[in-house]
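Chains Y and H supply the protein sequences, listed in that same order. Here our numbering runs 2 ahead of the position in the first sequence, where the first position is 1. Here our numbering runs 12 ahead of the position in the second sequence, where the first position is 1. Glycine residues also receive a C-beta, built at the ideal position from the N, C-alpha and C atoms. Here's the structure, in structure tokens; my notes come after.
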Amino acid sequence: MRDVAIVGAGMTRFGELWESSLRDLFVEAAVEALTSAGADHLDDLYVGNMSGGQFVGQEHLAPLMADHLGMAGIPATRVESACASGGAALRLGYMSVASGMSDVAMVAGVEKMTDGADVTNVLATAADQENEVYHGITFPGLYAMIARAHMAKYGTTDEDLAWVSVKSHHHGSMNAKAQFHREVTVEEVMSSTMVADPLTLLECSPVSDGAAAVILVPLDQAKKYTDRPVRIRGVGQATSAMALADRRDPAALDAVAKAAERAYKATGLAPKDIDVAEVHDCFAIAEIACIEAVGFACEGEGKDAARSGMTALGGKIPVNTSGGLKSKGHPVGASGVAQAIEIFEQLRGEAGERQVEGAHTGLTQNMGGSGASSLVHIFERV
Amino acid sequence: MPSPRYWREVPNRYRLEGAKCADCGKVTFPARHVCPDCRSANMEAMALSRSGKVVTSTVVRTPPDDLLMESPYAVAVVETPEGARLMVQVADCDPEEVLPGMEVSLEFRLIRKEGHGGIRCYGHKAVPVV
């Protein structure tokens with residue numbers, strides 16, 4: 003296996019982007035990524051996308067996107083793992099370059115969610131259709147059940163959840179590409195509309211359009227493209243029972259824990275070695291459960307992290323400096339790649355106001371469904 | 013939902029039929045071909061008790077379009093005495109009162125109507141034991 007580095011990145015603004023189609027979003031991010039790396043060709047392309055078919059009636063995205071990038075002819079593959087599609091695409095791009103099959107690969111993620119589909123219904127297809135969705139559960143509902151289980155087991159409170167969103171919005175207020183730039187207060191979060199008890203509107207990530215793309219090359223060729231490559235140290239991927247009812251503990255995200263364990267094992271690193279991280283905060287409870295699963299907080303102690311400042315900028319382990327899915331936005335298939343871009347910028351010292359001083363090692367954690375699939379990537383400044 | 017797809021689910025939706033692993037004793041709902049715990053294929057059909065306890069729950073206030081008229085409604089993961097867990101709506105009560113630990117019975121109910129013809133689809137809902 004060869005060492006692999008990210009040498010360029012491109013990303014659209016996230017939000018309700020009425021002027022851009024699914025392909026427009028991809029092309030904007032992809033062209034920016036190619037330009038930033040100075041790459042003139044691709045040997046391989048992976049496109050993470052959850053549900054072009056349901057959101058805009060478009061499947062077969064790989065050739066479509068290669069074609070619109072002016073690169074019809076290259077090998078291209080669309081990757082789906084619900085909201086972890088981007089992370090899953092990144093792992094395949096990493097494998098493509100690490101294995102020696104390609105020298106320049108693009109990993110992109112894209113989603114167009116605001117073109118009129120019943121988004122609640124489309125997202126619910128990432129849950130168990132026959133045994134969960136049939137009975138009327140929604141995605142906020144599934145995470146609400148995780149939240150309530152976490153509350154019953156560890157004493158997590160509504161206020162603990164609200165603090166996660168307050169922190170995300172604070173970070174997002176410094177990110178020009180974020181969907182929301184507005185800071186919110188604990189009171190605003192707690193008094194916003196209830197979506198699925200106990201989760202309020204401001205504890206749920208938004209419906210977003212957006213795309214993100216990165217260029218991967220072998221580490222020993224990286225200096226041809228940039229002075230500041232970021233090495234992908236390793237990756238872990240895992241699955242768990244699909245339906246919440248079939249999980250060992252509805253308050254725990256076992257696939258996330260397993261993916262993290264594999265990523266730490268692959269890199270020889272531990273949670274204490276991570277300087278900055280992006281985790282999959284599709285709902286406030288998800289950030290709490292994810293930081294426990296990746297080992298930044300002990301089981302049941304993730305609830306205090308946002309309030310105490312531990313996971314805020316300036317804290318012991320800043321989490322979701324981009325604003326996270328909550329404030330930056332969550333175009334589902336793009337999120338896993340956008341997380342990698344935030345870490346890429348952090349490790350290159352390009353994160354501006356959001357910069358974590360001296361960041362050397364970063365982690366991204368992306369997950370699909372109510373946590374049935376997850377990926378953890380670990381990155382390092384070179 | 014096309015009728016064959018609905019018809020295939022009849023054993024679990026109409027009869028609350030799960031399966032028990034003859035090798036390790038794991039009970040699943042619905043039935044599975046392979047045991048999720050020990051991978052044995054010796055799974056035997058087993059009807060669940062029509063009772064259980066709420067493990068976790070929520071109140072859905074932003075439902076999918078099909079269930080707009082039902083909202084808000086409670087949904088819970090319920091564990092039966094056999095150790096099987098299933099996701100069901102909890103009916104005949106104030107949805108906000110459905111919390112972990114609540115004792116429920118499982119009753120055969122209309123779950124949804126589908127398609128232009130309004131095909132009636134059945135299954136089980138939980139009802140609090142009073």
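Contact set between residue 131/H and chain Y, taken where Cβ atoms lie within less than 9 Å
Under the 9 Å cutoff, chain Y gives no residues; its nearest Cβ is about 13 Å from residue 131/H.
Going along chain Y in order, which residues have a C-beta closer than 8 Å to the C-beta of residue 100/H?
137
Under 7 Å, Cβ to Cβ, is there at least one residue of chain H near residue 208/Y?
no
For residue 65/Y and residue 2/Y, the rounded distance between their alpha carbons:
No information on residue 2/Y is available, as it lies outside the stretch 3 to 384 that chain Y covers here.
Note down, in chain order, each residue of its chain lying with its Cβ closer than 6 Å to the Cβ of residue 1/Y, except the 5 sequence neighbours on either side.
In this structure chain Y extends from 3 to 384, so residue 1/Y is not present and cannot be described.
Test: residue 251/Y CB closer than 7 Å to a CB of chain H:
no
Compare the C-beta of residue 197/Y with all C-beta atoms of chain H and state if any pair is closer than 7 Å.
yes
Where the alpha helix (DSSP H) through residue 155/Y begins and ends:
141-156
Please report the Cβ distance between residue 105/H and residue 140/H, rounded to the nearest whole angstrom; I am assuming they are in contact, meaning their Cβ atoms lie under 8 Å.
5 Å
Just grab the DSSP bridge partners of residue 49/Y for me.
80/Y, 110/Y
Work out the CA separation of residue 206/Y and residue 286/Y for me, nearest whole Å.
7 Å
Which residues mark the beginning and the end of the beta strand (DSSP E) in which residue 142/H is found?
It is not in any beta strand (DSSP E) - residue 142/H carries neither H nor E in the DSSP assignment.
By how many angstroms is the C-alpha of residue 129/Y removed from the C-alpha of residue 32/Y?
30 Å
CA-to-CA distance, residue 38/Y to residue 96/Y, given in whole angstroms:
19 Å
Going along chain Y, which residues have a C-beta under 7 Å from residue 147/H?
The first residue shown for chain H is 13 and the last is 142, placing residue 147/H beyond what the model contains.
Is the CB of residue 382/Y under 7 Å away from at least one CB in chain H?
no
Tell me which same chain residues have a C-beta within less than 8 Å of the C-beta of residue 96/H, skipping the five on either side of it?
30, 39, 40, 41, 60
Counting only beta-carbon separations shorter than 7 Å, does residue 151/Y have a partner in chain H?
yes
My parser needs the beta strand (DSSP E) runs of 3 or more residues fully inside the region 16-51 of chain H; what are they?
29-33
For residue 334/Y, the three-state DSSP class (helix, strand or coil):
helix
What residue does the beta strand (DSSP E) around residue 275/Y start on, and which one ends it?
Segment: none, residue 275/Y is in no beta strand (DSSP E) and carries neither H nor E.
Tell me, which residues are paired with residue 368/Y by DSSP?
377/Y
Exposed unless 16 or more other CB atoms sit within 10 angstroms - verdict on residue 321/Y
buried
Within this structure, are the beta carbons of residue 223/Y and residue 16/Y separated by less than 7 Å?
no
Where residue 85/H meets chain Y, residues with beta-carbon distance less than 9 Å:
138
With a CB to CB cut of under 6 Å and the five nearest residues on each side skipped, what residues in its chain are close to residue 185/Y?
171, 172, 175
What would DSSP say about residue 171/Y, mapped onto helix, strand or coil?
helix
If you compare alpha carbons, which of 34/Y, 382/Y, 360/Y is closest to residue 231/Y?
382/Y
Determine the chain Y residues that contact residue 48/H at a beta-carbon separation under 9 Å, and present them in chain order.
243, 248
Say whether chain Y places a C-beta atom closer than 7 Å to the C-beta of residue 27/H.
no
Name the two residues that bound the continuous beta strand (DSSP E) containing residue 98/H.
97-102
Per DSSP, residue 201/Y is paired with what?
198/Y
To the nearest angstrom, how far is it from the Cα of residue 14/Y to the Cα of residue 71/Y?
15 Å
Under the assumption that residue 43/H contacts residue 23/H (Cβ atoms under 8 Å), give the Cβ distance between them as a whole number of angstroms.
7 Å
For residue 93/Y, name the three-state secondary structure that DSSP assigns.
helix
What number of angstroms, rounded off, separates the C-alpha of residue 120/H from the C-alpha of residue 152/Y?
30 Å
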